[in-house]
Structure formats: C-alpha cells, structure tokens
Amino acid sequence: MNTNKDTKIIYRIVKHVTKYPKIFFGGFCSLVLASIAVLLAPKLIGIAIDLIFSEQKDISLEFSLNNPIILASIALISLSIGRGAIIFAQSYLSEKLSQVIAYDLRNQLFNHLQHMHFAYHDKIKIGDIMSRATQDIESIRFFISMAIMRGSYIIILGITAIILMLTTSVKLAIIAFIFMPIVATQAAIVQKFLRKIWIRIQSLQGKTSVVLQENFAGQQLVKGYNQQEAQHKKFYTVAKELYDSSLQSSKIVAFNEPILSGIWLISLTCIFYFGAQLIIEGQITVGQLVEFQLYLTLLQVPIRAIGFIINHIARVRSAGTRLFEILDAENLIENNKDTKKIKEINGKIIFENVYFDYELNDTKTRLLQNISLTIEPGQKVGIIGRTGSGKSTLLHLLPRFYDVHKGAIYIDDNNIEDIKIDELRNIFGVVQQDVFLFPGTIQDNISYGIPNATLKQIEEVASLAHISEFINSLPDKYNTWVGENGVSLSGGQRQRIAIARTLLTDPPILILDDVTSSVDLKTELAIEQSLEKVLADKTSITVTHRTRVMKKLDRIIYIENGEIHDQGKHEELYERNEQYRDLCQSFEKQTNKNEVQ
Numbered sequence: 073m074n075t076n077k078d079t080k081i082i083y084r085i086v087k088h089v090t091k092y093p094k095i096f097f098g099g100f101c102s103l104v105l106a107s108i109a110v111l112l113a114p115k116l117i118g119i120a121i122d123l124i125f126s127e128q129k130d131i132s133l134e135f136s137l138n139n140p141i142i143l144a145s146i147a148l149i150s151l152s153i154g155r156g157a158i159i160f161a162q163s164y165l166s167e168k169l170s171q172v173i174a175y176d177l178r179n180q181l182f183n184h185l186q187h188m189h190f191a192y193h194d195k196i197k198i199g200d201i202m203s204r205a206t207q208d209i210e211s212i213r214f215f216i217s218m219a220i221m222r223g224s225y226i227i228i229l230g231i232t233a234i235i236l237m238l239t240t241s242v243k244l245a246i247i248a249f250i251f252m253p254i255v256a257t258q259a260a261i262v263q264k265f266l267r268k269i270w271i272r273i274q275s276l277q278g279k280t281s282v283v284l285q286e287n288f289a290g291q292q293l294v295k296g297y298n299q300q301e302a303q304h305k306k307f308y309t310v311a312k313e314l315y316d317s318s319l320q321s322s323k324i325v326a327f328n329e330p331i332l333s334g335i336w337l338i339s340l341t342c343i344f345y346f347g348a349q350l351i352i353e354g355q356i357t358v359g360q361l362v363e364f365q366l367y368l369t370l371l372q373v374p375i376r377a378i379g380f381i382i383n384h385i386a387r388v389r390s391a392g393t394r395l396f397e398i399l400d401a402e403n404l405i406e407n408n409k410d411t412k413k414i415k416e417i418n419g420k421i422i423f424e425n426v427y428f429d430y431e432l433n434d435t436k437t438r439l440l441q442n443i444s445l446t447i448e449p450g451q452k453v454g455i456i457g458r459t460g461s462g463k464s465t466l467l468h469l470l471p472r473f474y475d476v477h478k479g480a481i482y483i484d485d486n487n488i489e490d491i492k493i494d495e496l497r498n499i500f501g502v503v504q505q506d507v508f509l510f511p512g513t514i515q516d517n518i519s520y521g522i523p524n525a526t527l528k529q530i531e532e533v534a535s536l537a538h539i540s541e542f543i544n545s546l547p548d549k550y551n552t553w554v555g556e557n558g559v560s561l562s563g564g565q566r567q568r569i570a571i572a573r574t575l576l577t578d579p580p581i582l583i584l585d586d587v588t589s590s591v592d593l594k595t596e597l598a599i600e601q602s603l604e605k606v607l608a609d610k611t612s613i614t615v616t617h618r619t620r621v622m623k624k625l626d627r628i629i630y631i632e633n634g635e636i637h638d639q640g641k642h643e644e645l646y647e648r649n650e651q652y653r654d655l656c657q658s659f660e661k662q663t664n665k666n667e668v669q
C-alpha cells in the first residue's frame, strides 16, 4: 500500500472543503455546540442523582422551581430541544458542503473530458467514465459528509468526553483507557484489508458499467448474431466477481462491529465493578459513577465510528485514485502560447512531410508517413485508398483531433498549431461516415453548431442536404423528436441531417468522409447535385468510393499504407496506375451490387 499516495488523495479531497469556508465554519460551529449539548446531559444527571441521595428525606416530585428534580428535568428537556436544532443545522450544512463539492467535481470531470484529446477518448471506456462520474464521486461526497464532518464531531466529542472522564475519576479513566490500544490495533488491521478490497470493488463496478454500456449500445449486433447467452455469461462473470468482493467487504465490516461492541461492554463492566468499590471507599459519589458511565457510553460513539470512518477512508482512497487518474491526465492537444487570430481564410492547405503514429496500450503503429501535399484555395480534392490506408487519419489531423508526430500542416501558410483550436475547428466543416445525432428535435440537431440559427436558415440548409421534403412530411416537421443517435430515422436520413448541420456553419473548408455511403442512389445523386452548388467557392476534401464522384474532382490523392502513391485527375490515374485501377473496379463492383440490392 502506497501510504504517501493515499495521504495525497485524502489531502486533495480535504482541500476542496477549504474552498467553502463559510459552510464549513458554520457546520463546524454547530457540531461543537452539538458536542457541548450532548456532554452537558451526563453532568446534569450526575448532579441530580447526588442531590436525590443527599436529600432522600426531603425529596418530592411536587412541581416547584426549587425542586432539584424538576429543575434537572426542565434543563434536560431544554437541552434536548436545543441539541435537536443544532444537530439539524449541523446535518444540513454537512450535506450542503458534500453536495456542492460533488457538483464541482462532476463539472470539473466533465469539463476536463470535454477538452481532452481524441487519443485519450480512444483508450478509455464510456462505462468506466460513467462509473467514476457517479459511484466514485458519490463515495467522495459521502466521505465529506460523514467522515470529515461527522468525523470532526466524533473527535471533539471523544476528546471532550475523555477530559470530563479524567476530571470525574482518574482511576476509572485509566481503566477505560486500557482498552483503547486494542481498538486502535483492530482498526488498523481492518483498514489494511478494506483498502485492497475497495480498490477491487470500484474497479469491478467500472467493468460492470462497461459491459452494460457495450451490450445495450450493440443490441442489434448481439441479437443479430444470437449472442445473448454469451453476453449474459460475460456480465455474470463480472457481476459475480463484484458480488464476491462486496460480500467479502461486508463480512469484514460485520466482523468489526461485534468486536467493537464487545470491547465497549467489557470496559463498561470493569468500570461498574471498580466504580462500586470507589463508592464504598468514599472516593466518588453514585452520581459521579453514573456520570462517568454515561461519558463512557458517549465515548462508545467515537469508538464504534472508528470502523465506520475507516471503511469510508478505504472507499474514498480507491474512489479518489480513479477520479484523479482522469483529472490528472494531460491534454496533449492545447493552444500554444503564441497563437494567432486569422481574420480571413482563403482555403489553401499544405501538408509538409507529415508523419503520424497511433499509440494504443503502449503499442505504436505508424499510420501516415512522409505526406507532402498542397491543396489550392477552392480546389476539390479526393482521398482514395483501401480500408486502413490512412484516409480518415489524414482528415482528422486538419482540425487537430490528433497532432502530427513529425512535419507540419499549414492553412494559408499558417501552421495549424499556431491557430487557436476553437478557431481552427470553425474553419472546417466535417461530415463523418458514422453520424451521431443527439436526443432532441430535428431543429436542435441541425442547429447544433449555431444554436441561435433561425428556422429560415435551417430550412435552407435542409433543402441543400435534400432532407427538407422528408422533414415537412412529418406531423411536427422540424420539431419532430429523434431518439438517441436518431434511432427513429434511417441511415440516409441521419446522414442528410448531418450534412445540413455542417452546411449551416458555412465553413470555408469542407471535409466529406464518404457521406453518401448510407443513402440510396436517388438520394445520393440529389445530395451530390446540392453539394456541387455549396462547394463551388470552397476548398473541399472528399473521401469516396464512388467513381462518379471521383471524375468530378479536380485531383485525386491515392494513398496506400499511409503513403501517397500517386496523385492527379481520375482519368490519368486510372490510365497509368494499375493498383488504382484495380481499386476503382472493386469499388464499382461493390457499388453496383448495393444498387441492385
């Protein structure tokens, strides 16, 4: 166990508490007052008992403000009411503090992930992120509410109770203190076991979320291949491991509780026995023995809470480790210090000796090498190659979804790394082959890049994307709700909405990654015709398998194994390059097959 690392995690969590000094101070003051109210009760009861024994003949239950029993009863009732109000304030402030910190952590986590580079999102699983954003942050919240605030109350209560026990009877206090090292040793042993188990439990909770997310996201695939049973076995395995680890943790906690209770009962019995002897010897009164026993009973709360706090310290260490692992991850793609603002974009693109290696699980794979290419303003360029040749990777480098490992990319003679990232990405309009739509209306999805766009503007781009006729046929038209990732729409409809979404931003450079692969021939031709109008004054880079589209482009860049093998007009390449010709013929066969189907 790395004690230094664990301490740093606890320190970082506690540091969040100091951001809200007013709430913490209010909570701390109320728990101090609550401790005082709790500790006054034994003193009042002890005094009342001694008064009863000293005035046995004159004692009466008649209501009178001079009657010590009545006075003690009124004082105890008043104390209970006051204590209740104070504990309410303390509980509310503790909960408020924990909730506001959890709120901050969730926002911090979300914001950090929003700005992390794409390669990071490639490595981490969605289910694991969900587990850390919910279960781990909830563990931290509970730790702040119960372990820090409640723990402070317990420490104050425990220390004050010990002092009052010493002032009541030093001899009895020494007897009671004999049992404390036993509790401390037992607590240390429990912490050692729980720490390891809770790290495993929270890791398994993340794995469970991952399996659930993958299964439900791929339900069509699972059912299509009749893999329900296999998926159930996979989930059962992880769920069983989580169950076993959770049960093991519960056994340790359950075992810890009776040991603490047993230690307390033994100490209480010893105090009663030796206290009775001290009464006989006249060293203490009956009221003082009762008072001491009550203090010892109150001390049981801190003693019994040791196991509770240790349990949550073990949880929060593993939860904090997992959460800060994300928050401490370095964003590899950030703005340079000397970024420049570009007022006007002409659309010239230069790749200068570009290399790119993709790293996953400490394994590097070279996807692009020695890419040198110039695209003039307004030029329509196609990127052609087999699957895995590096086409999409080349496109992802332009808006800095990934950074080049060697070489440079320029927009109008400006290195893209010298342009602010948000401004750079506004230069490009990217339409991916795999479309993502958010749950919401069609209007919401089209206007995603420009939320304040007017309905007229949205209708114009929808018409250009050849989707307006379909939208207007719907009962709610542009207010029609689409499910998660546009589940209520066909692939072609989703694609055309994505095209409309990109066109609305009116970017100077368009990147089209095989955008007509999911539509029928009639729609494809209509989209191509519309795009020709849109692309008239824009630089565009198109990845396509359609020979018909290739013929219309100004230049084709033929890529194989991450390198430019040839470039020129489609007819030129088709004539002189056998590999390119074979590739185009295979594209044509597949296209004809799809059109027949």
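So for the sequence shown, the numbering used here puts the first residue at 73; every next one is plus one. Virtual Cβ for every residue (Gly too), placed ideally from N, Cα, C. What you are looking at is a predicted structure, and each value in this text was computed from that prediction instead of being measured.
Practice item. Measuring alpha carbon to alpha carbon, tell me which of F190, L112, A161 and I335 ends up nearest F97. Key: A161
**Study point:** C-alpha gap between H642 and R627, whole angstroms
**Key:** 7 Å
**Study point:** With 16 other Cβ atoms within 10 Å as the buried cut-off, status of K129
**Key:** Residue placement at K129 is flagged as unreliable, the pLDDT there being 49, under the threshold of 50; a coordinate-derived value is accordingly withheld.
Point to revise | CB of I447 within 7 Å of CB of I421, strictly | key: yes
Review point. Short check: CB of I343 to CB of L244, under 7 Å?
Key: yes
**Study point:** alpha helix (DSSP H) segments (min. 4 residues) lying fully within the stretch 499 to 525
**Key:** 514 to 518
Review point. Run through DSSP, which three-state label would Q349 get?
Key: helix
Exercise for review: Any chance you could list the beta strand (DSSP E) runs of at least 3 consecutive residues sitting entirely within the stretch 587 to 669, in chain order?
Suggested key: 611 to 615, 627 to 632 and 635 to 640
Check your understanding: With C-beta atoms as the reference, is F251 less than 7 Å away from S333?
Key -> no
Review point. Nearest to K415 by alpha carbon, out of L236, E495, I141 and Q274?
Key: E495
**Study point:** DSSP beta-bridge partners of A205
**Key:** Its beta-bridge partners do not exist; DSSP assigns none.
Review point. Looking at the structure shown, is S444 part of a helix, part of a strand, or coil, going by DSSP?
Key: strand
Exercise for review: Give the straight-line distance between the Cα atoms of M73 and V86, rounded to the nearest whole angstrom.
Suggested key: Confidence is the limiting factor: at M73 the pLDDT is only 49, short of 50, which leaves the residue's position unreliable and the question unanswerable from this model.
Check your understanding: What residue does the alpha helix (DSSP H) around Y192 start on, and which one ends it?
Key -> F190 to K195
Practice item. Going by DSSP, name the residue or residues bridged to V426. Key: I443
Check your understanding: With a cut-off of 8 Å, do at least 3 Cβ pairs link the stretch 572 to 581 to the stretch 492 to 511?
Key -> yes
Point to revise | Own chain partners of S436 with C-beta closer than 8 Å, once the 5 adjacent residues on each side are dropped | key: Note that residue 436 is Lys in the sequence shown here, rather than Ser. Closer than 8 Å at Cβ, skipping near neighbours: D429 and Y430.
**Study point:** Complete alpha helix (DSSP H) runs within the stretch 454 to 489 (minimum length 4 residues, chain order)
**Key:** 463 to 469
Exercise for review: Could you tell me which residues DSSP pairs with R568 in its beta bridges?
Suggested key: Beta-bridge pairing links R568 to no other residue.
Point to revise | Pick from S224, I543 and A401 that is closest to A677, judged by C-alpha positions | key: It is not possible to answer for residue 677, since the shown part of the chain is limited to 73 through 669.
Point to revise | DSSP three-state assignment for L404, whether helix, strand or coil | key: coil
**Study point:** C-alpha distance - Q365 paired with T90, whole-angstrom precision
**Key:** 37 Å
Review point. Thinking C-beta only, is V282 closer than 7 Å to G670?
Key: Absent from the model: residue 670. The displayed extent of the chain is 73 to 669, so no value can be given.
Check your understanding: Looking at the unbroken alpha helix (DSSP H) that takes in I121, where does it start and where does it end?
Key -> P93 to S126
Practice item. Could you give the DSSP three-state label for I491: helix, strand or coil? Key: strand
Exercise for review: Please go through the same chain and pick out, in chain order, the residues whose beta-carbon is closer than 8 Å to the beta-carbon of I82, but skip the five residues on each side of it.
Suggested key: I385, V388, R389 and G392
Exercise for review: Check whether the stretch 199 to 209 touches the stretch 110 to 130, counting contact only when three or more Cβ pairs, one atom from each stretch, lie closer than 8 Å.
Suggested key: no
Exercise for review: Using three-state DSSP, classify K87 as helix, strand or coil.
Suggested key: helix
Exercise for review: Spatial neighbours of E489 within its chain, please: CB distance less than 7 Å, with the 5 preceding and 5 following residues excluded, ordered by chain position.
Suggested key: N408
Check your understanding: Does the stretch 505 to 520 come close enough to the stretch 538 to 557 that 3 or more CB-CB pairs lie under 8 Å?
Key -> yes
**Study point:** H617 Cβ short of 6 Å to the ligand PLP heavy atom set
**Key:** Looking at this structure, you won't find the ligand PLP or any other ligand, since it has none at all.
Review point. Which of the three DSSP states, helix, strand or coil, is assigned to T437?
Key: strand
Exercise for review: Evaluate the contact criterion for the stretch 168 to 176 versus the stretch 146 to 160: three or more CB pairs, one atom per stretch, below 8 Å.
Suggested key: no
Exercise for review: Output yes or no for whether 7 Å exceeds the beta carbon distance between D475 and I583.
Suggested key: no
Exercise for review: Report all residues from its chain with a CB closer than 6 Å to the CB of A144; omit the five preceding and five following residues, and keep chain order.
Suggested key: L116 and A120
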